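Chains as they are written, first to last, in the numbering used here: chain A, -15 to 381; chain B, 384 to 846; chain C, 89 to 427.
Glycine included, C-beta positions come from ideal geometry on N, C-alpha and C.
Small disclaimer: the values here were computed from a predicted structure and weren't measured.
I have placed the structure first, in the form of structure tokens, so that the comments after it can refer back to it.
Set out below in structure tokens:
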């Protein structure tokens, strides 16, 4: 053995010895930290409760449930868990990962949810049921507005070539389908071109980190809807209030991607002020206005609108209008309802995902003059609850 | 339990290390055995009984065969037959019965009861290990193990228990009785373990995500190039997944003083299919060579018989990987390729390694697509896409996957070659502090990736 | 050798410390990137301001508005030429193009989604103010008009189900009403006459025990509250006077918590004859009821006399609660009184 080889061998040995020490230290350090780290019960980031130490029973030991629960517990209660998640996100970013849990990391800090045409049948069924329902009320004027998501409006921000199905294609097909049904009392309110127009002028209509539209986007939507409803929308003034300027929305939670550009949440209050009272029907409570400070300060500031989604809200206003509106909606509508309040004396807001009552009784007994379906395309396409509640009524008769 | 889990890394491993090195040397085998059984029982405690039974049966038959191999060779042979039969029956029932019975019921034999059995972890590995032990005793190649617990440890040792390598008894015989761990050897084990962890967590999982994304693309988005990108991603994924696991096993073995044989030797740099199989899952291919191919006559028989032997061996190899027709197809694919190489191409290929290397890699990639699709129509669709059936050559989505997958694919290619390891070794010798720092950083990234796997937002707010 | 290991250990320690340092650095990055998600305080104040508006006053403004004449300038219809509707003068009735003898022809290109739809035009301002609900008064006078006929039907046990239309009318009528009481009230929701969201009850509760539920009633600021309680109170209150006092307290507390609410109370129904014959304490129920009637009149609470609807066959087995048929008639009766 030459001197050089001997030296190399010595260095190699030293390397492995050091590595051995470091390896043991790391494993034991983390194991120790894990032992002493305080347990958490809730993750605001993921909006779920975290797993706790599972109880050991013969049953869960036998069927292996214990080991799964244990793994979940260890991962959920890992010391400084969010920082590790963040570290992995950094790694992913460096390695060029652009997709996580159905969300794409896009340019200008946008996170955009994918649209997948997995099941056209479900949406077609929803449409059919909606049309059937509206056909029963020929005297009520009805409107349907499907709001395109960011994957349509902000498609220039998407990574080029990202395998996202075109909402535009589906929407065109759907609009044709509705038109063919030939309901004289139904107006389809298009809003995509208006939103795209605003976006191209540099206005922010979609949140960067949330799947909702911004209040400005909702304003544009309301303007289009008001046009179709013949409401004197242009006469109404609005006072803008910024309620949050570091809004990090659900898409960030969902994907684990961090967008360094925070969003701003605004409210548009009618000017001059009008009186608005909201009754949360199934919760049996009545509150003034449409907004929730609890929602605003909670994990999801978008919940500033009504504090979240509720099965049935009855909103009454001091508006002198004699029109009463029934809205079937998803959370997109939450930001928009405020814009309609000055023009209706009552607005009944039904969220089909939670509503369990009889929709036909409500329609007939509340003196409804207008019905509006307000959905974003993703939810309309994926969610079957609308057809469930509208069909449920039929089955009873 | 798998090595790349929180439970293993931060509960089991510290405990076993602590217990092992605190225990007096004589008790260490028992410590290892106890932890091995806990390790095995962790996921599916019921099958611990199968494992214990397997150990006992093989131990007893090993003794019987050893006692009779000199004088009563027929009696020894009979016992060997019974023991091997027992092992294969256990394997057959737990691994193949659900598949075979469903196939038979499919062709009208409805009276055959279907059984829903969970596959006992590692049964393919430890069964083969036991068979090799029995046969080696019968062949008088090894001495029988008289210590029951030592034998139990040989069968159930947790590092290689659930995903190999298939360790032959002669490789660890001495170490079962006497072994020494130096700090350097321990560190060397740590190096292997870390390397395996990185392969598994940082490479295989990311490549897997890429493949899954491409696999689930609708016809509207896919293209020939995209399909190939997906196939490459899977090719690298399975290599890093499997070899990463073997590395971790070897590393752990070293930490406890065992030297397991090498299981992978840069298979994707092979210049022919023959050489690929000398480098891929070496312990399995050598098992089949030793205990099936050579007993059948090997290649020292007529060409017709040789063809038969090759096809049998490769059919079995395929079937070993899983109970499904696609695995059989995959095995036969290699059988045919090897025969072609042997009888048709032979030495006609150029002496330059690159054409052979590239061709081999492409053929292996194609092979994995048979391996991964258990559903034949899906397999046909995917392989069809790779050859341009029903889709364009490339489209915008191809660009997307090229851009987002480029880093991980390049890393995959780089890590599949010995170049990286050579550089790594030189670097470690020259700048060993920096090397260690690098390893700490990589380990932290692995932990981060493991924590991120549990990142599981509750999606009620999806609406 | 020993020295050598010491050196290694020191190095290892440095490296691990370095790793911890790196981790802390990432933590800082994380805190910088992710934390500080506090909303803008000025905005929170605005929202809180809206939330803390005076609800009763707001509700009063909204409800009184409804009795006002509707502002005829709303809604505005863009052009009169395209209107495919003729509005006959004086009658205020609206007919659709199909029904008019001379439909106004609409140009082809106008027959697009921008065309005002039929229903939106139904809201077209008419010269006639939209009729609104008259102030709610109980019209005792009319009771005799139908009581006789209904009594006959009840005696014959000939009570038909509520039609879907009737059901809807009841829903519409009681949109802003809360039914409040014990198990007698619970039945209203259970039988499905009224949505559970409008029923507040506590089983087997005395009036005192019911008081804890008043905040729940108050939370929705109902326009009216209809109280319907049962025989528990005869057990709980030794004398009718005690019961009347408790009722007075409850009414006061309801009025305090829900300003402007109109209160109604249904009769305290007697037990069935079978039960009455065995339970001396329950025999006095009519005395309680009579004093309830009296107290209600004194307090300005509308007393709804429901005793006449009671028939022996409509008692449930317990002799206290009533079956569906009773409530059917009861609701028709309420409808008569209130609409």
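- Taking a Cβ-Cβ cut-off of 7 Å, residue 761 of chain B has no neighbours in chain A, whose nearest Cβ is about 16 Å from it.
- According to DSSP, residue pairing for residue 313 of chain A in a beta bridge involves A:358.
- Residue-level contact by beta carbon holds for residue 103 of chain C and chain B, with a gap shorter than 7 Å.
- The C-alpha of residue 577 of chain B is placed about 34 Å away from the C-alpha of residue 600 of chain B.
- Taking 7 Å as the threshold, the shortest C-beta distance from residue 270 of chain A to chain C falls below it.
- Runs of the alpha helix (DSSP H) spanning 4 or more residues and lying entirely within the region 249 to 323 of chain C occur at 252 to 261, 271 to 278, 295 to 298 and 302 to 307, in chain order.
- Residue pairing for residue 390 of chain C: DSSP places it in a beta bridge opposite C:352.
- Taking C-beta atoms as the reference points, residue 374 of chain C and residue 358 of chain C count as a pair closer than 7 Å.
- Contacts between residue 138 of chain C and chain A, judged by CB atoms closer than 7 Å, involve 272, 273 and 275 in chain order.
- Secondary structure note for residue 504 of chain B: it is in no alpha helix (DSSP H), with a DSSP letter that is neither H nor E.
- With a cut-off of 8 Å on Cβ pairs, the region 318 to 330 of chain A is not in contact with the region 77 to 95 of chain A, counting fewer than three such pairs.
- Taking the Cα positions, residue 387 of chain C is about 8 Å away from residue 336 of chain C.
- For residue 587 of chain B, no beta strand (DSSP E) encloses it, and the DSSP letter there is neither H nor E.
- Inter-residue distance for residue 708 of chain B and residue 757 of chain B is about 8 Å (C-alpha atoms, whole angstroms).
- Rounded to the nearest whole angstrom, the CA to CA distance from residue 271 of chain A to residue 349 of chain C is 17 Å.
- The CB of residue 54 of chain A comes closer than 7 Å to the CB of 390 in chain B, given here in chain order.
- Residue contact with chain C for residue 259 of chain A: present (Cβ-Cβ distance below 7 Å to some residue of chain C).
- Close partners of residue 99 of chain C in chain B (Cβ separation under 7 Å): 816.
- Listed by position along chain C, the residues whose Cβ is nearer than 8 Å to that of residue 5 of chain A are 96, 97 and 100.
- Under the three-state reduction of DSSP output, residue 711 of chain B falls in the helix class.
- Rounded to the nearest angstrom, the Cβ distance from residue 534 of chain B to residue 438 of chain B is 7 Å, consistent with a contact under 8 Å.
- With contacts defined by Cβ atoms closer than 7 Å, residue 114 of chain C and residue 67 of chain A form a contacting pair.
- B:624 is the residue among B:636, B:624 and B:637 whose C-alpha sits nearest the C-alpha of residue 647 of chain B.
- Note: residue 775 of chain B is bridge-paired with B:606 in the DSSP secondary-structure output.
- About 7 Å separates the beta carbon of residue 656 of chain B from that of residue 746 of chain B, a gap short enough to meet the 8 Å contact definition.
- For residue 31 of chain A, not one C-beta of chain C is nearer than 7 Å to its own C-beta.
- Closest in C-alpha terms to residue 771 of chain B, from the list B:608, B:622, B:811 and B:470, comes B:608.
- The continuous alpha helix (DSSP H) containing residue 345 of chain C extends over residues 328 to 345.
- Assignment of beta-bridge partners to residue 332 of chain A by DSSP yields A:298 and A:310.
- The shortest C-alpha to C-alpha distance from residue 575 of chain B to any of B:807, B:751, B:832 and B:833 is the one to B:807.
- Residue pairing by DSSP places residue 33 of chain A opposite A:26 in a beta bridge.
- By the CB criterion at 7 Å, residue 286 of chain A and residue 196 of chain A fall inside the cutoff.
- The secondary-structure analysis by DSSP pairs residue 250 of chain A across a beta bridge with A:226.
- By the beta-carbon neighbour count (other beta carbons within 10 angstroms, threshold 16), residue 19 of chain A is exposed.
- Within 10 angstroms of the beta-carbon of residue 256 of chain C lie 16 or more other beta-carbons, which makes it buried.
- Under the Cβ distance rule, residue 127 of chain C counts among the residues neighbouring chain A, one pair being separated by less than 7 Å.
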